Amino acid sequence: MKVFNKNGVDMDALIADASEHENARLILNLSCDDPENCLSSLIVGKYGSELKEAFKSLSEKIKAEELILLKPASIDFEIEGAKVIEHDPNPVLREESAVGRLLERGELRSEPLYKEFTSQGMDGRAEVITDAETLLRLAGLNTEVKLICLNEAGKCSLMVCPIDSFAELGEAKGYLFGGVSGKFMASKEFRIEYSYLSDSITLYTEKCCMVSEAARTLTRAKELSCAKCVLCREGSWHLSEIFNDISLGKGKKEDLDMVNDIGPLINIGAFCSFGQNMALTAVSAVEAFRDEFEEHIVRKKCSAGVCAAFSKKSYCIDPTLCTGCGGCEDECDEMAIEGKKKFIYMIDPDMCSACGKCVEACDEDAIVLNDGSIKLPKKLTRVGRF
Amino acid sequence: MSEAKEVTLVIDGVTIKTTSDTTILDAALANGIYIPHLCSHENLHPEGSCRMCVVGIEGVDGVVTSCTEKCKDGMVVNTKDETAEKIRKLSCDFMFKTHPSECTGCPKFGKCQLASISQYVGDTGRKLKANPINCKEDTTNPIILHEMHRCILCGRCVRVCNEVRGVGVLKFKKVNGRQKVVIDGENLKKGGCRFCTACVEVCPTGSIREYKEIEDARLGKTREEGFVPCRSECPAHVNVPEYIRFINQGNYAAANAVIREKVPFPHALGYICVHNCESACKHHYLNEAVSIRNLKRFAAEHDDGEWKKLAFHKPATGKKIAVIGGGPAGLTVAYYGAKLGHSITIFEAQEKLGGQMRYGIPGYRLPREVVDDEVQTVLEAGDVEVKNNTKVENAPELLKQGYDAVFVSLGTHVGARLPLPGNDLEGVKVNTDFLRDFENGTAEVGEHVVVLGGGNVAIDCTGAAFRLGAKTVDMACLEAYDAMTASDEERSWAEEEGVVLHNSKTFPEIKGENGHCTGVLIQSVGNFRKENGRMVFDKLEGTEEILEADTVIFATGQRPSIPMEEEKFGLALTHGNYVAAQGPDGETSVEGIWAAGDCVTGTRSVIAAIAAARDSIIAIDKYLGGEGNIEEALAPKQFRDPHLGKVENFGDKERTAPRVVPAPKRVAEYKTAGPMDYGFDEEMARCEASRCLQCDLRCDLAPQKFWNDYQGKEKAE
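Keeping their order, the protein sequence lines are chains A and B. The numbering of the first sequence is this note's numbering, which starts it at 1 and goes up by one. The numbering of the second sequence is this note's numbering, which starts it at 1001 and goes up by one.
Listed below in structure tokens is the structure:
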């Protein structure tokens, strides 16, 4: 049976082509995941020795002169004889040409496709680039199933699902198939295929707000974008801004129309598959959870109680935990945090936009939503005196 | 790689034949079909990042990037595809949301490709949030100014710097999560920038520019002139970057041949040229100009004569040209006139040819062997006869004697003796006589010499005075120190030799006893200025002092040796007794007579005389029935490598000093020690040549085009 990779490239033909050339190189790409749903890491954990074997056998087959292991620093893995190049996980690296440019020039920047049914890489050398799962398939492993990174409540585990079936998933409010450049759905009826879109499944419980989850996902897309093409670079910025604004209570009715206007155009016009798919992630979020978006925009309400802008709760700094380091004050764009070093910092609830940046900045987890149960100092108080 | 095949495709209904290695964008543009494009540039690899050039292709879903997609046989392309147009507009919307909305305040207004494209693509009115780039202008680098808040990240600067120049001082970097073009290093100099300004040339917006001063100097000039100031500021337009590159490549004879293409005295100019090129050299924004004149001299010292085989020589025309005055201008006309096949007769008032090169500029600055050699080359250029010690009293008379054309270039060999008391005392001399006597070995000075004047000729007089044994030499002039007409270089030589400068002084009287001068009364002036061509100044009371002097030399200008009465010399005169000549070629009041050089312009420079004489001989040749073409390619074809490579601190490389003989030695031993300056050795020349910014490389980059540039072609077809 023929083996295709997740981009639909005929690997057998590619390998046959590469083995006809001298000084070919073989690259195992473990940096092609959405960093929140790192399938490569799970595969290495379970099939580490098989991968090494498959890599060795493939390198012999194409008489590879140079072996490269492209991986995030977080994956502890090595292959004898392979040079390790580290790069954080990024779905932009799903494009072989982007991997080529990274190796060639050391920069993450999507490249015009240079491959047309040949193994010829950027510098003219023959090369075979493969992700972990495709490498296993080439060795005859897991050929009828899809390996999936299942992300429940932030915990990832490896799941196996037959190709062309629905995955067996627990009930949830929403699902995200394929991570940051994937598809949001309210139903779990998503047919598993051998593509990057089936690499991961994220479950969202009733406690989740889909607006803030969409905002978080698109913000991640903006950060991961290689920023080369206008539509992806600026598009991911506009889409994440729209979602973040809605989550902060600044949403307008036209916002959803804007997503549906620019999203499909970005999907068609963006340079690489990351940019194209990232736009569909946004469009699918609005399609699957329109009611929840409209609730935020029209009724100014977040049923899940996540979006702080709508809740009666407001952020405060727990005076028993604050160490007076001042890290939160530097993060606040609204100048809503006052205080000074060694004193307990305080948030002015009238100025706070509940963006949550200070929460992330606080190493003590001292910044929390307060429903009135936490007593707060009324004036500047030295740390430890309250 | 498979070989390119012939393919036929249809773009917007037009059938186009091209090859399979051509992109759709190039095929369309070559056939007058405009597809908007921004990140694409003729000299750069396609990037596909701006998404402006997307098109629809029959049978293909979505859109295709025409700058990266190659033509295939049978393709049917629609550049106005509905989806493609929508994507273009969105891309344009996005770019404008990061770009300042106010265009009129931008220095690139009217020349901005982004503005031009948005005009073509049109506004969608989409209400997107503005996403301005917060960054300040960076004026810390020389020559190149960064105002990256206008950057649309097309990446052309990064690509040209990396791909074409191999420098890589610009790169992309995410700064606080936002993509930016940044300098790879602390600043441009430290990052290894070669200051070639290719980034400026390709930037479609006003983000990367040169400082206003540099851009303004280019107004009204062609690209070639504007980009290469050393070449355009040289009166004879010697191709400076080309010969410096030949020196860099180790082909010194070729460098000399390049200079020879425009001037017949490369070696002499290498010693004494006033080098307008260096004043214009952009390297002075980094530290100091490239030492071009010394490089010219080094090239001329490596003349192998090969160029002579390539020089043009036209058959004899039977026409006769009389040249009055065998200085730089006259010799230039003689040289090209002889090569054009005319018979030349030079009438020279002095014993030898060379004019100011021999009788003005002292021999310790310009060795006479150099002048002799180059004069000899002129005499060997064809039918050239010299009548020395012959003064022509009337120019039109020569036409009557059978000359078909006359060229007047008798220079300015009469020094001006200012009308002040004591100017006729014994011991008072004028510059021209003094320097001519110095050349002939008959000049004498006393112990204390005062030179009046502040130009380069005055400097030469001080140098000659010291060499003749003067114990003190003072120099007084009206100009302030930094406004003197003498060049800094020549003035510094004089100072090394011990001249005492008296700036901003007037000299109302030369004192004397028993008919011999004893001193010069000088007085400070304030407010020195020119009004209607006349000097106007206020004398400051109580500042009078007397400079002791047994020799006083006027170096306050010089004039042609033509009688003031027009009928005597037979030509219309101007400003007293200068020859009135019109136009660049120097037509005089009498048909068949041209004039150029100092006798027309007043005392200028050798290079200016050569340049003007070249224009005259072109006109004369046409008058005599020729084509007036004196262009010649004497140098081999040069490989102009666009690749410069990164050189850290390139901009800080210091100007190489020539081997000037120390002042005491050069004064004491001037008769035996050869020239005062030995120029560059090979190592110095190579080092100095490597400082050249190679401004001419920018001309090889394609100029920016706008949609109406293609539109014109479309209409024409």
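Glycine included, every Cβ here is placed at the ideal spot set by N, Cα and C. The structure displayed is predicted, hence computed values, not measured ones.
| Asked | Found |
| --- | --- |
| Whether GLU231 of chain A touches GLY269 of chain A by CB criterion (7 Å) | Note that residue 231 of chain A corresponds to Leu in the displayed sequence, not to Glu. For LEU231 of chain A and GLY269 of chain A, yes; Cβs fall inside 7 Å. |
| Sequence-distant residues of the same chain with beta carbon closer than 7 Å to GLY1402 of chain B, five excluded per side | LYS1320 |
| Short-range partners of chain A found in the segment 1214-1233 of chain B, where Cβ spacing is below 9 Å | none |
| Residues bridged to ILE337 of chain A [DSSP beta-bridge criterion] | A:ILE347 |
| Neighbour-count burial assignment, ASN1708 of chain B, 16 or more Cβ in a 10 Å radius | exposed |
| Where GLU1426 of chain B sits in the DSSP three-state scheme | strand |
| Check whether HIS1643 of chain B and GLY1185 of chain B have beta carbons under 7 Å apart | no |
| Straight-line gap, LYS1180 of chain B to CYS1161 of chain B (C-alpha atoms, nearest Å) | 15 Å |
| DSSP-derived helix/strand/coil call for ALA270 of chain A | coil |
| Inside the segment 247-299 of chain A only - alpha helix (DSSP H) runs reaching at least 4 residues | 254-269, 273-288, 290-298 |
| When B:PHE1554, B:ARG1604, B:VAL1258 are compared against SER1412 of chain B, the one with the closest alpha-carbon | According to the sequence displayed, residue 1412 of chain B carries Thr and not Ser. It is B:ARG1604 whose Cα lies nearest to the Cα of THR1412 of chain B. |
| Closest by C-alpha distance to GLY1177 of chain B, when choosing among B:ASN1134, B:LEU1540, B:LEU1425 | B:ASN1134 |
| Through-space distance from LEU218 of chain A to LEU197 of chain A, alpha-carbon basis | 16 Å |
| Three CB pairs or more closer than 8 Å across the segment 1657-1675 of chain B and the segment 1222-1242 of chain B | no |
| Residue from B:GLU1688, B:ASP1138, B:MET1475 with nearest C-alpha to ILE1553 of chain B | B:MET1475 |
| C-beta contact flag for GLN963 of chain B and THR1390 of chain B at 7 Å | Residue 963 of chain B lies beyond the residue range present for chain B, which begins at 1001 and ends at 1717; the question has no answer from this structure. |
| Beta-carbon proximity list for THR1462 of chain B, same chain, < 6 Å, skipping 5 on both sides | VAL1451, VAL1473, MET1475, ALA1494, VAL1499 |
| Through-space distance from TYR1034 of chain B to VAL1067 of chain B, alpha-carbon basis | The residue asked about is misnamed: residue 1067 of chain B is Cys in this sequence, not Val. Whole-angstrom Cα-Cα distance: 12 Å. |
| Per-residue DSSP class, three states only, for SER198 of chain A | helix |
| Alpha-carbon to alpha-carbon, LYS1072 of chain B and MET1001 of chain B | Residue placement at MET1001 of chain B cannot be trusted, given a pLDDT of 47 that sits under 50; the coordinates are not used to answer. |
| Residue nearest to ASP88 of chain A in terms of C-alpha spacing, selected from A:HIS238, A:GLU36, A:ALA304 | A:GLU36 |
| Endpoints, alpha helix (DSSP H) assigned at THR1098 of chain B | 1082-1098 |
| Rounded C-alpha distance that separates ILE43 of chain A from SER49 of chain A | 10 Å |
| Segment contact flag, the segment 1623-1632 of chain B with the segment 1336-1356 of chain B, C-beta cutoff 8 Å, min 3 pairs | yes |
| Buried/exposed call for ARG1666 of chain B, threshold 16 Cβ in 10 Å | buried |
| Where HIS1516 of chain B falls, given that 16 or more other Cβ within 10 Å makes a residue buried | exposed |
| CB contact check: CYS302 of chain A to chain B, cutoff 7 Å | no |
| Given ILE1346 of chain B as reference, the closest of B:PHE1312, B:GLY1382, B:LYS1108 once Cα atoms are compared | B:GLY1382 |
| CA nearest to the CA of LYS313 of chain A, picked from A:VAL286, A:GLU338, A:ILE347, A:SER187 | A:ILE347 |
| Partner residues on chain A for GLN966 of chain B, Cβ-Cβ distance less than 9 Å | Look at the range of chain B in this structure, 1001 to 1717, and you will see that residue 966 of chain B is not part of it. |
| Start-to-end residues for the alpha helix (DSSP H) that takes in SER1279 of chain B | 1276-1280 |
| Pick from A:ASP261, A:GLY327, A:GLY182 that is closest to ILE317 of chain A, judged by C-alpha positions | A:GLY327 |
| Below-7 Å beta-carbon distance, ILE201 of chain A vs any chain B residue | no |
| Three-state secondary structure (DSSP) of ASP245 of chain A | helix |
| Short-range partners of chain A found in the segment 1090-1103 of chain B, where Cβ spacing is below 8 Å | LEU1090, SER1091, PHE1094, MET1095, LYS1097, THR1098 |
| Partners in chain B for ILE262 of chain A, counting only beta-carbon separations shorter than 7 Å | LEU1090 |
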